[in-house]
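K.L.:
Heads up: the sequence shown is residues 2 to 508, going by the numbering used here. Ideal Cβ positions, reconstructed from N, Cα and C, are used throughout, including at glycine.
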Amino acid sequence: MEPVKNFFVGLPDSEILHLVTAISRELVCLHEPDGTYIYVSPNSEKIIGYQSEELVGKNPYDFFHPDERRLIQERSHQPLLRGEVNIHTTFRFLHKNGTYIWLQSDNRLTIHPNTGQKYLHTSSRDISDKIDTETNLALAERRFKTLFHDSPIGLVLTGKQGYIDESNESFANFLGYKSYEIVGKHFSDISSVDELEENLKLRDEVQKGIIDNYSIEKQYIHKSGNKVWAYITVTVLRDDGGHPIHYLAQIIDIDERKKSETLLRENNEHLKAATNSLLTQNKQLQAYNQIISHHLRAPVSNLRSLLDLMQETNQLPEIRELEGHLQEVTKTLETVLSELITTLKIKNPDSYKQESLKISESLSNVLGLMEGELREKEVEIQSNFSGKETVFFSKEFLETIFLHLLSNSIRFAHPHRKLRISVESFAAGSQTVISFSDNGIGIDLERYGDQIFQLRKTFHRQISGKGLGLFLIQYKIESVGGKIEVSSKPEEGATFLMYFPEGNEAK
């Protein structure tokens, strides 16, 4: 084997030491037991700004930061002299440019093999950049925690799986918790299911990098169990590889605003419904006034004509005949006046009181009134109120509606089949619906559909009718915020669906 060449053969130890330490990245020094520099590596100028000869013979305590001289003496210098083998220290050293830099040093006690003289050996490196970085990170972390916990806006940090790692007091107070009660919960545990699907979708898009952040209005579940509204903005915190490590959510309390918006919207809807009802009522009143005017004008004119004729004749037979005509005209006038009084009564809000009614009882009362006619006509009636037993309405006018519908079914019964009537009720959202069906002769809605609820409209010339009943039914139901619908075909009967608002929603 070829022997390893020793490039330093023939060189003095001092020159070998100088060559080795010159290429080292660390500042290598040899000290007297009191700390005085004996040797300083030639790279000292790169690290601390001084040339070697500027330090030899001087004591490093003159260059240590005043706050750390005692610590170095007690925790490094004296222990080395007592025989401790290797001690690591971190301290500030005065650079030649007048600033202090951070050095980290490995310190050992060295004994000369021949003389037994003790020396201190140090190997130091500049860690100022590391210290600055750690200091800045610590400062940034302290600032973040201060801003996080003292923020008047709710702030929450969640992990990739959605569990809450940290919450400030503002968010905890918003939901009625202490911050430690929030930590560890999954964000879905305190979120309303109404917006949870959208929240999860947007969170997934952020995690995949499709979007950087998102903002939504959502409802949280308060500790009391109530739902509260918040406006949240969520951003993602990623590591150096771009992978999400935390989600930061900013939460603003908008519960009062949302409640005000909901109340305003409901009031607008009620106002819109009331406006539409007034428009409908005005149209009905205009039509009613025109019809009443027309029907009053004719009998009054006939009365005047008949009275004039009676004054012109002395013949008893002619007078008797004119008296008969007077009776017919008077009867017609009484009918028109009766309709006017009935309509004015139903338009007067003081003429009825709304209350919770058992539908079956109101129908039974009307069936009792019409028992004779129903038995005579052999009418078969089926009822089922298991879907909704009560309705909020006027007792007088609910029975009036049943009376009109039953009378119409009998009047327009099919001549070739037994009359069957079905009355049922069920819930539709917040409304109660009463269905009234018969198997009568029906109505041609393609021809008369736009006139079905108009005053004084009849659709069967061969059958007498006033055209008042359906008008009054629609008017009363719509006046409380409800509605009535009809489905029918000639020869196939008719079905009326009446929608009544629940409770105090009826206005």
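So, with DSSP's three-state summary, where would you put A429?
P.N.:
If DSSP states are grouped into helix, strand and coil, A429 belongs with the strands.
K.L.:
Round the Cβ separation of L364 and L375 to the nearest angstrom and send it over; I've been treating them as touching at under 8 Å.
P.N.:
L364 to L375, Cβ: 12 Å. No contact.
K.L.:
Based on the DSSP output, what are the partners of M371 in its beta bridges?
P.N.:
Answer by DSSP bridge pairing: none, since M371 is not bridged.
K.L.:
Is the distance from the Cβ of S426 to the Cβ of T496 below 8 Å?
P.N.:
It is not a contact, given that the beta carbons lie outside the stated cut-off.
K.L.:
For the beta strand (DSSP E) that P80 lies in, which residues bound it at each end?
P.N.:
Element bounds for P80: not the beta strand (DSSP E) but the alpha helix (DSSP H), 79-82.
K.L.:
Return yes when the Cβ of F92 is within less than 8 Å of the Cβ of E55, no when it is not.
P.N.:
Going by C-beta atoms, E55 is not nearer than 8 Å to F92.
K.L.:
Excluding the 5 residues flanking A275 on each side, which residues of the same chain have their C-beta closer than 6 Å to its C-beta?
P.N.:
No residues qualify anywhere along the chain.
K.L.:
Do you know how far the Cα of F188 is from the Cα of G163?
P.N.:
Approximately 6 Å, taken between the alpha carbons.
K.L.:
Roughly how many angstroms lie between the CA atoms of I474 and I402, to the nearest whole one?
P.N.:
Spanning the two alpha carbons is a distance of roughly 6 Å.
K.L.:
Who are the near neighbours of A231 in its chain, counting only those whose CB is closer than 8 Å to its CB and skipping five residues on each side?
P.N.:
Result list for A231: G155, F175, E218, K219, Q220, Y221, I252, I253, D254, I255, D256, in chain order.
K.L.:
My guess is that T263 and L249 are in contact by the Cβ rule of under 8 Å, so how many angstroms apart are they, rounded?
P.N.:
Not quite, the Cβ-Cβ distance comes to about 29 Å (not below 8 Å), so this is no contact.
K.L.:
Span of the alpha helix (DSSP H) holding D205?
P.N.:
Run containing D205: 194-208, per the alpha helix (DSSP H) assignment.
K.L.:
Grouping DSSP H, G and I as helix and E and B as strand, with all else coil, what is R418?
P.N.:
DSSP places R418 in coil when its eight states are reduced to three.
K.L.:
What residues are listed by DSSP as bridge partners for R126?
P.N.:
DSSP lists Q105 as partners of R126.
K.L.:
State the DSSP-derived secondary structure class of K540, mapped to helix, strand or coil.
P.N.:
The question about residue 540 has no answer here: the residues shown for the chain are numbered 2 through 508.
K.L.:
Can you look up L176 in the DSSP assignment and give me helix, strand or coil?
P.N.:
It is coil, neither helix nor strand.
K.L.:
Name, in chain order, the residues that DSSP records as bridge partners for N214.
P.N.:
Answer is T236.
K.L.:
By how many angstroms is the C-alpha of S357 removed from the C-alpha of E379?
P.N.:
C-alpha separation (whole angstroms): 32 Å.
K.L.:
Can you tell me which of the three DSSP states S357 falls into?
P.N.:
S357: strand per DSSP, three-state reduction.
K.L.:
Determine the direct distance from the alpha carbon of W103 to that of L95, and round the result to whole angstroms.
P.N.:
Spanning the two alpha carbons is a distance of roughly 9 Å.
K.L.:
To the nearest angstrom, how far is it from the Cα of P34 to the Cα of D130?
P.N.:
When rounded, the distance between both Cα atoms is 31 Å.
K.L.:
Counting along the chain, where does the beta strand (DSSP E) carrying S168 start and finish?
P.N.:
Taken as a continuous stretch (DSSP letters only), the beta strand (DSSP E) holding S168 covers 165-168.
K.L.:
State the CB to CB distance for the pair F501 and F394, rounded to an integer number of angstroms; the pair is presumed to be in contact (CB under 8 Å).
P.N.:
With 8 Å as the limit, F501 and F394 qualify as a contact, their Cβ atoms being about 6 Å apart.
K.L.:
Rounded to whole angstroms, what is the Cα-Cα separation between I382 and K186?
P.N.:
C-alpha separation (whole angstroms): 59 Å.
K.L.:
Could you give the uninterrupted runs of the alpha helix (DSSP H) lying entirely in the stretch 20-82, keeping only those of 4 residues or more?
P.N.:
Runs found: 45-49, 53-56, 70-73, 79-82.
K.L.:
Apart from the five residues on each side of it in sequence, which residues of its chain come closer than 7 Å, Cβ to Cβ, to G243?
P.N.:
If we look at G243 and ignore the five residues flanking it on each side, it has no Cβ neighbours.
K.L.:
Report yes or no: do the stretch 439-447 and the stretch 402-421 share at least 3 C-beta pairs separated by less than 8 Å?
P.N.:
Cβ pair count under 8 Å is three or more, so yes.
K.L.:
With DSSP as the reference, label P318 as helix, strand or coil.
P.N.:
Reduced to three states, the DSSP call for P318 is helix.
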